[in-house]
Amino acid sequence: MNTTILEARHINKYFHDPVTVKVLNDINFVIKKEEFISVIGKSGCGKSTLLYILSTMDTDFEGELLIDNETMGNKKEKELAQVRNKKIGFIFQFHYLLNEFTVLRNVMLPGLKLGSHSEKEVEERAMQKLTMLDIQHLAKKNAKQLSGGEKQRVAIARALINDPDIIMGDEPTGNLDKKNREIVFDIFKRLAYEYHQTLLIVTHDQELTGISSRTIEMEDGRIIRQ
Amino acid sequence: MNLKLLISIAKSLLVARFRQTMIAAIGVTFSITMFITLLSFMAGLNDMLDGLIVNRTPHIRLFNEIKPNEVQPVLISEQYKGHYNFIHSIKSESSRQDIYNSAAVMTALKEDERVFGISPKINAQVFYNDGIVDITGVLNGIDAQAEKKLFHFGDYVTSGSALDIKNISNSIILGKALAEKLHANIGDMIQVITIKGDRFPLKLVGLYESGLRDFDKTQGFASINTTQKILGKANNYITDIQVKLNDISKAPSIAKEYTAKFGTEAEDIQTANSQFETGSFIRTLISYAVGITLLIVAGFGIYNILNMMIYEKMDTIAILKATGFAGRDVKTIFLLIALSIGIAGGFLGLLLGFGLSSVIDQVPFKTAALPTIKTYPVQYNPKFYLIGAVFSIITTYMAGLFPARKASKIDPVIIIRGK
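Going line by line, the protein sequences match chains H and P. Take the first sequence: its letters are residues 88 to 313, numbered as in my numbering. Take the second sequence: its letters are residues 221 to 639, numbered as in my numbering.
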């Protein structure tokens with residue numbers, strides 16, 4: 088129960104354009120398995136920046152990042168892509184789905200990329216995830232035809248496809264109306280407490296802090312409370 | 221597995237922007253079509269122009285050149301052996317113009333299995349007389365049958381029949397331009413005056429048109445017997461032996477061999493007409509240059525469209541990367557798109573190129589200069605199609621490479637945060 092999934096050690100990050108600004112200042116924390124963590128803070132406090140570092144997409148930082156007790160610092164771009172594929176599920180604020188594909192195919196893509204199951208198995212798993220989120224009826228639809236809330240649910244299904252160690256979300260409810268927000272909250276609750284999925288969600292939403300197991304509060308690039 | 225997935229993603233992106241990719245493919249199709257057509261047409265034209273020369277030029281010509289003897293008396297003298305001998309003002313010897321022992325040479329040539337056929341010839345300077353004007357010209361004594369078989373003589377006799385000079389005694393075929401100058405029609409008597417001043421009346425039985433009007437202004441053709449009679453020579457008098465080989469490319473080496481064997485000059489076609497090879501080479505070079513330019517322009521079209529596609533698909537690329545696709549995968553996807561545009565467009569271009577060149581092949585093309593040509597000449601050479609196919613793939617690959625590399629380097633963080 089107390090296995091460490093993700094660990095940040097002394098992470099510093101600078102923006103160099105137009106002048107050098109320190110955006111993250113000595114960030115240290117540990118995420119244990121099955122934790123549901125919300126990261127809150129004002130706009131510009133560096134919480135999204137931190138998330139992109141933790142997601143391995145941003146490699147330009149000082150300090151050490153360990154995912155599943157493996158250090159990410161000396162990995163190549165291709166290896167980092169594999170880590171993202173296998174161990175991290177990502178949910179964005181705006182960028183949900185690939186419009187060129189059907190819903191099912193969107194969910195399947197990361198699974199196909201991982202390649203540890205046959206195409207047929209991946210399809211079955213994708214259907215399972217869609218059913219779990221109660222959107223199996225959308226499977227054959229084109230991604231373009233969906234509403235924002237539906238798209239975000241499909242994106243959550245996609246994040247789940249490879250049974251990742253951790254799901255990261257960047258303001259996943261930031262662009263949704265009240266009803267859809269509640270649906271997404273429900274999903275997060277179910278994922279965290281029914282399916283014991285580790286979650287790390289960056290948000291403005293005070294309500295989310297209410298349902299998470301731990302809240303990290305940031306200000307001016309530092310963690311002020313965790 | 222991975223490649224299959226990337227192909228399916230590339231396909232979906234292609235289908236999503238079907239019209240754009242169609243336009244890129246049409247660019248390739250057009251350039252390949254023009255490339256094939258241009259080269260086929262140009263090669264056909266080269267063949268025709270070469271044919272003008274090659275068809276009626278012997279592969280090897282045996283003759284005696286008027287030139288100084290290479291072995292001068294002083295070189296034979298025992299007394300001056302081992303000295304450097306400088307001789308000034310050497311003059312050509314007054315040697316005979318006809319080929320020595322021509323009958324034996326011809327028998328030997330006929331037995332040589334590399335030889336396709338031979339045709340003896342007499343070259344004589346004469347004057348064609350028109351009232352008080354004498355026109356300088358050449359009288360060719362030829363074996364009409366051999367000439368017709370080996371050098372398509374019959375094709376160039378536009379009025380009358382080539383064999384008439386053989387069948388009708390004391391007859392002549394004149395270049396059309398020369399006959400016009402002499403105001404002579406078929407059936408008229410022509411006065412031929414030899415250098416020695418002897419005058420012979422010959423009956424005009426045909427007109428000859430080579431396609432080179434200046435050449436036609438001087439030429440007359442009579443049978444060998446008639447020519448010998450005019451020149452007052454015996455019936456073994458032959459100045460040239462024209463040889464046609466089975467393999468034209470061996471002409472230079474065989475010519476050297478004959479020089480040594482028969483003691484005459486032997487000139488091969490490659491040496492005699494090197495300027496035509498140069499002409500053909502330059503024409504081919506120009507058509508390749510134009511063709512490849514077309515392809516490069518099409519390449520820029522593909523480059524543009526892929527670049528635009530990458531800007532449009534920034535989101536897609538970012539999501540793919542965020543969900544675990546590496547830069548290399550993204551690059552492969554865009555290269556696949558470029559290559560499928562190139563392959564589809566190129567293949568269609570090859571087909572259309574073949575179609576267009578066969579249409580050109582059917583277009584009537586008649587010119588007085590080239591009596592044997594009825595339609596525009598086109599050469600169907602698989603080599604052009606191969607080059608076209610290879611080049612369409614190479615240019616589209618190169619055109620796709622830079623946008624694909626750019627796509628692979630897109631930073632997903634910037635895109636995802638950017639909105």
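Using N, Cα and C, we set each Cβ at its ideal position, and we do this for glycine too.
Membership of Gln240/P in the alpha helix (DSSP H) is indicated by the continuous run Phe238 to Val274.
Only Lys200, Leu201 and Gly202 from the stretch 200-220 of chain H bring a Cβ to less than 8 Å from some Cβ of chain P. Among the residues facing chain P, Pro105/H is not included, as its CB has no counterpart in that chain under 9 Å away. Closest in alpha carbon position to Glu400/P, among Arg419/P, Ile563/P and Gly440/P, is Gly440/P.
Within 10 angstroms of the beta-carbon of Asp408/P lie fewer than 16 other beta-carbons, which makes it exposed. Here the alpha carbons of Val289/H and Thr143/H stand approximately 16 Å from one another. With respect to Ala619/P, Gly519/P sits close: the two C-beta atoms are nearer than 9 Å. Of all C-beta pairs linking the stretch 219-235 of chain H to the stretch 237-248 of chain P, fewer than three are shorter than 8 Å, placing the two stretches out of contact. Secondary-structure assignment with DSSP links Pro584/P through a beta bridge to Thr595/P.
Residue pairing from DSSP places Ala486/P in a beta bridge opposite Leu282/P. Counted as a single uninterrupted DSSP element, the beta strand (DSSP E) harbouring Asp257/H occupies residues Ile253 to Asp257.
Contact annotation: in the stretch 180-193 of chain H, residues whose CB is within less than 7 Å of a CB in chain P are Phe181, His182, Leu185, Glu187 and Phe188.
Between the alpha carbons of Ala213/H and Gly176/H lies a distance of about 14 Å.
Around Pro197/H, the same chain offers Asn172, Arg245, Ile248 and Asn249 as residues with beta carbons nearer than 7 Å, after the five sequence neighbours per side are excluded. Between the stretch 488-508 of chain P and the stretch 592-600 of chain P, the count of Cβ pairs shorter than 8 Å is below three; the stretches do not touch. Within the same chain, Cβ atoms closer than 8 Å to the Cβ of Arg334/P are found at Leu465, Asn466, Asp467, Lys470 and Ile474, the five residues on either side in sequence being excluded. Under the DSSP assignment, Tyr605/P falls outside any beta strand (DSSP E), being part of the alpha helix (DSSP H) whose first and last residues are Pro602 to Ser628. For Ala344/P, the three-state secondary structure derived from DSSP is strand. Not a single C-beta of chain H is nearer than 9 Å to the C-beta of Ser560/P. Setting aside the 5 residues that flank it on each side, Lys533/P is surrounded in the same chain by Leu233, each with a C-beta closer than 7 Å to its C-beta; the list follows chain order. Taking 9 Å as the threshold, the shortest C-beta distance from Leu540/P to chain H falls below it.
At least one CB of chain H lies nearer than 9 Å to the CB of Leu233/P. Nearest to Met219/H by C-alpha distance, out of Phe275/H, Leu185/H, Lys134/H and Met159/H, is Phe275/H. Setting aside the 5 residues that flank it on each side, Phe604/P is surrounded in the same chain by Ile256, Leu259 and Ser260, each with a C-beta closer than 7 Å to its C-beta; the list follows chain order.
For the set Gln365/P, Gly271/P, Arg281/P and Lys287/P, the Cα lying nearest the Cα of Ala492/P is the one of Arg281/P. In this model, Phe435/P and Val358/P are separated by some 10 Å (Cα to Cα).
Below the 8 Å Cβ cutoff, chain H contributes no neighbours of Arg625/P, its closest Cβ being approximately 13 Å away. Taking the beta carbon of Gln169/H as reference, the chain P residues within 8 Å of it are Gly544 and Ala546, listed in sequence order.
Judged by DSSP in its simplified three-state form, Gln284/H adopts coil rather than helix or strand. The beta-bridge partner set that DSSP reports for Gln313/H is empty. CA-to-CA, the gap between Val610/P and Phe567/P works out to about 11 Å. In this structure, Ile254/H keeps its C-beta atom at 9 Å or more from the C-beta atom of Leu217/H. Look at Ile175/H here: in three-state DSSP terms it is strand. When DSSP states are grouped into helix, strand and coil, Lys109/H belongs to the strand group.
With respect to chain P, the C-beta atom of Phe123/H has no partner C-beta closer than 9 Å.
Secondary-structure assignment with DSSP links Met305/H through a beta bridge to Gly128/H and Ile310/H.
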